[in-house]
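Working notes, beginning with the structure itself.
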Amino acid sequence: MSANFGERLKGARKMSGLSMEALSERVGQAVTKQAISKYEMGLMNPGSDALVALSRALGVKSDYFFRSQKVSLGELEFRKKSKLGRKEEESVRYRTLDFLERYREIEDILGDKAIFKNPLSDINVLNPEDAEKAAFEIRRKWKLGEAPISNLMELLEDKVIRIFEIETGEAFHGISAWAGDIPVIAVRKQDDLLRKQFTISHELGHILLKIREKNDQRAREKLCHTFAGAFLLPENVIKAELGEQRTKIALWELKKIKGIYGISIQAIMARARHLGIISDYTYRNFCITVNTRGWKTEEPGEYLGKEHANRFDQLVYRAAAEEIITFSRAAELLNLPLSEFRRAFQLVS
308 MSANFGERLK GARKMSGLSM EALSERVGQA VTKQAISKYE MGLMNPGSDA
358 LVALSRALGV KSDYFFRSQK VSLGELEFRK KSKLGRKEEE SVRYRTLDFL
408 ERYREIEDIL GDKAIFKNPL SDINVLNPED AEKAAFEIRR KWKLGEAPIS
458 NLMELLEDKV IRIFEIETGE AFHGISAWAG DIPVIAVRKQ DDLLRKQFTI
508 SHELGHILLK IREKNDQRAR EKLCHTFAGA FLLPENVIKA ELGEQRTKIA
558 LWELKKIKGI YGISIQAIMA RARHLGIISD YTYRNFCITV NTRGWKTEEP
608 GEYLGKEHAN RFDQLVYRAA AEEIITFSRA AELLNLPLSE FRRAFQLVS
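Numbering (the numbering used here), first residue to last: 308 to 656.
Printed below as a string of structure tokens:
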């Protein structure tokens with residue numbers, strides 16, 4: 308039995324959001340709560356029947372328990388999320404850990420591990436003006452100009468930031484962390500494109516910005532919000548679209564910006580207020596309109612961009628195509644049934 312079986316079992320249980328008692332109930336008579344506790348503490352090893360039962364109950368293959376651990380949980384430094392319950396937070400943590408382990412494994416197999424470099428490491432962010440400057444600087448260093456960002460996930464993957472789309476409850480939208488020297492952003496898969504774009508940009512702020520420790524959590528969040536807005540919608544762009552100062556703004560104008568730059572109408576107006584294009588009074592009236600018309604749930608306008616994190620899948624398919632790994636191993640890395648991977652895989656040469 309693997310020396311780290313207990314940790315692997317605990318990880319699978321946490322990913323599923325189950326207590327030891329709940330896991331025991333799901334398994335049935337095969338494994339007791341006390342046995343699970345002993346397995347996790349390394350005091351006892353399960354027999355083959357118990358191992359199969361645990362695998363089925365947790366939705367993982369038996370090989371999961373024997374996979375070498377590429378990433379240590381202690382290296383993941385998540386920020387606190389007050390809206391997340393403890394079980395859900397642990398589920399997000401361990402599922403992100405599992406994703407990073409699989410990612411690291413395929414990179415090791417292919418010898419394809421890049422190094423992340425923070426282009427803003429020498430910039431201190433003390434106030435909103437600094438956050439604006441940081442957004443301008445990262446666009447300059449990444450040669451983005453002032454153009455819309457069509458696929459933010461792909462862009463960040465090219466910059467060696469891991470993106471993990473995770474299915475979870477509505478209390479979670481995104482979080483950033485570090486696994487050693489590799490940054491990762493986990494984002495709620497079910498969120499719409501606009502929400503994902505802003506969440507990812509906000510979490511990018513947490514990764515890139517050197518914010519003084521004296522700033523409290525609320526201040527840090529505000530600075531990252533400012534960075535996200537400036538990163539998605541540069542100051543010169545919004546002022547070119549709306550002008551330097553306005554008292555009233557037409558919905559058509561906001562829908563146009565939303566459709567091109569992939570930022571919500573509410574975020575556009577918040578940015579206009581931040582830059583002094585509109586007054587607090589105008590912004591308050593807008594917020595009243597949002598509430599009375601139900602725009603918090605569904606606002607007007609469309610954004611037809613795309614958001615996909617493809618690099619991990621691409622590496623696995625490449626390894627399978629080159630016969631570096633078996634179809635069975637590829638399916639395990641992708642967390643897919645073997646039959647589903649076989650249907651998806653096609654060689655063209």
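Glycine included, C-beta positions come from ideal geometry on N, C-alpha and C.
Residue span of the alpha helix (DSSP H) that contains residue i, given as start and end
i      : result
Gly481 : Counting along the chain, Gly481 falls outside any alpha helix (DSSP H), though it belongs to the beta strand (DSSP E) covering Gly481 to Ala486.
Ala329 : Met327 to Val334
Pro435 : Pro435 to Lys448
Ile343 : Lys340 to Met348
Gln524 : Gln524 to Leu539
Trp559 : Leu558 to Tyr568
Cut-off 8 Å between Cβ atoms - residues of its own chain near residue i, not counting five sequence neighbours on either side
i      : result
Tyr590 : Met576, Ala577, Ala579 and Arg580
Glu453 : Arg446, Pro541, Asn543 and Val544
Gly335 : Ala360
Residue range of the beta strand (DSSP E) that includes residue i
i      : result
Glu629 : Per DSSP, Glu629 belongs to no beta strand (DSSP E) and is neither H nor E.
Glu551 : Careful: Glu551 lies outside any beta strand (DSSP E) and carries neither H nor E.
Val359 : That residue, Val359, is in no beta strand (DSSP E); its alpha helix (DSSP H) goes Ser355 to Leu365.
Phe648 : Looking at the DSSP string, Phe648 is not in any beta strand (DSSP E); the run it does join, the alpha helix (DSSP H), is Leu645 to Ala651.
Ile473 : Arg469 to Ile473
Ala493 : Ile489 to Arg495
Simplified DSSP assignment, three categories, for residue i
i      : result
Val597 : helix
Val432 : strand
Lys517 : strand
Val399 : helix
Ala478 : coil
Arg578 : helix
Asn617 : coil
Arg315 : helix
Phe406 : helix
Neighbourhood of residue i by C-beta distance below 6 Å, restricted to the same chain and skipping five residues each side
i      : result
Lys613 : Asn458
Ser483 : Ile492, Glu510, His513 and Ile514
beta-carbon residue i near the ligand SAM non-hydrogen atom, thresh 7 Å
i      : result
Gly366 : You won't find the ligand SAM in this model; it holds no ligand whatsoever.
For residue j and residue i, the rounded distance between their alpha carbons
i      : j      : result
Ser287 : Arg625 : The structure shown does not extend to residue 287, since the chain is modelled only from 308 through 656, so no value can be given for it.
Ile518 : Lys345 : 43 Å
Leu539 : Ala442 : 9 Å
Arg402 : Ala493 : 10 Å
Ile545 : Glu347 : 55 Å
Leu561 : Gly536 : 14 Å
Arg636 : Lys603 : 44 Å
Leu558 : Arg446 : 28 Å
Leu325 : Lys394 : 8 Å
Contact check, residue i vs residue j, beta carbons under 8 Å
i      : j      : result
Leu515 : Asn434 : no
Ser571 : Glu542 : no
Leu404 : Ala478 : no
Arg495 : His513 : no
Glu464 : Ala360 : no
Phe634 : Phe619 : no
Gln497 : Glu461 : no
Glu408 : Arg374 : yes
Leu622 : Glu444 : no
Proximal residues to residue i (C-beta, below 7 Å), its chain only, five neighbours per side dropped
i      : result
Tyr371 : Arg315 and Ala319
Arg527 : Ile518
His532 : His509
Gly476 : Glu395
Chain C contact for residue i (CB, 8 Å cutoff)
i      : result
Gln497 : The question asks about chain C, but that chain is absent: this structure has only one protein chain.
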